[in-house]
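Notes for the one structure printed next.
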Amino acid sequence: MNVIIFGPPGAGKGTQALKIVKTFDLFQVSTGDLLRNEVKNQTSIGKDIENIISKGDFATDEIVNELIKNVVFDEKKKNKLIFDGYPRSLNQAKNLDFLLNSSNQKIDYVFFLNVQKDTIIKRIEKRKILEKRSDDNLDIILKRYETYMETTKPVLEFYSKKENYYEIDGGGKIDEISSKIKQILSV
Ligand code: AMP
Numbered sequence: 015m016n017v018i019i020f021g022p023p024g025a026g027k028g029t030q031a032l033k034i035v036k037t038f039d040l041f042q043v044s045t046g047d048l049l050r051n052e053v054k055n056q057t058s059i060g061k062d063i064e065n066i067i068s069k070g071d072f073a074t075d076e077i078v079n080e081l082i083k084n085v086v087f088d089e090k091k092k093n094k095l096i097f098d099g100y101p102r103s104l105n106q107a108k109n110l111d112f113l114l115n116s117s118n119q120k121i122d123y124v125f126f127l128n129v130q131k132d133t134i135i136k137r138i139e140k141r142k143i144l145e146k147r148s149d150d151n152l153d154i155i156l157k158r159y160e161t162y163m164e165t166t167k168p169v170l171e172f173y174s175k176k177e178n179y180y181e182i183d184g185g186g187k188i189d190e191i192s193s194k195i196k197q198i199l200s201v
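In structure tokens form, the structure reads like this:
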């Protein structure tokens, strides 16, 4: 199966993806991690990406679509993908549909982790201390939230009409949330 975990920054997408990966033997695809790798490895696009991320803006669709392509066509990972942080725009959602169709795959489950803005701010401030991410300070958090509302909300509307869409209250405890998700995936 292929799964999308969707939600605002700080919703717990990565945390939940990790839990599911272990239980269901899947591969986590985090575009945030893929982009941070480009920065770390100082690739030709790494410097531009670093500027974009640190301002709280989005990387271009071209860049992330290209990074995702390699993963979707990887035979080892076929029908075992959990997307965390992708798609984040309608263009990316359509690109994902196209890539999956072209490789005889589809999205089987979409989970939306619904979390309120004040909870997000608290969580990201905590993560800042633990992970030392350059984009986890208050101004940037608010910017990322705004960008999410503007760009990513239409993607939510796109998926919420589909049958395999599940909204989960992402404001609770990590294990409670993951057991709800696992229950749905186990049916
Ligand atoms: P994340 O680790 O998912 O919170 O992503 C960190 C940052 O990477 C975001 O704030 C964006 O700047 C960038 N990013 C991650 N995924 C995407 C995406 N699908 N499209 C555009 N930018 C992205």
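Under my numbering, the first residue of the sequence shown is numbered 15, with each subsequent residue one higher. A virtual CB, placed ideally from N, CA and C, is assigned to each residue, including glycine. For clarity, every value in this text was computed on a predicted model and none was experimentally measured.
Query: For Y123, list the residues DSSP reports as bridge partners.; Result: V17
Query: V74: which of I154, Q119, V86 and L49 sits nearest, CA to CA?; Result: With the sequence shown as reference, residue 74 is identified as Thr, and Val is not the correct amino acid for it. Looking at the Cα atoms, L49 is the closest of the given residues.
Query: Let me know the beta strand (DSSP E) ranges lying completely inside the stretch 133 to 199, each 3 residues or longer, listed in chain order.; Result: 179 to 183
Query: In whole angstroms, what is the alpha-carbon distance linking K69 and I154?; Result: 6 Å
Query: What three-state label does DSSP hand N109 in the structure shown?; Result: helix
Query: Kindly indicate which residue of D189, I134, S103 and N115 has the alpha-carbon position closest to the one of D71.; Result: S103
Query: Verify the contact flag: L156, CB atom, against every heavy atom of the ligand AMP, threshold strictly below 6 Å.; Result: no
Query: When the Cα of D122 is compared with those of R141, K92 and Q106, which residue comes out closest?; Result: K92
Query: Can you grab the Cα-Cα spacing for the pair M15 / F41, in whole Å?; Result: 11 Å
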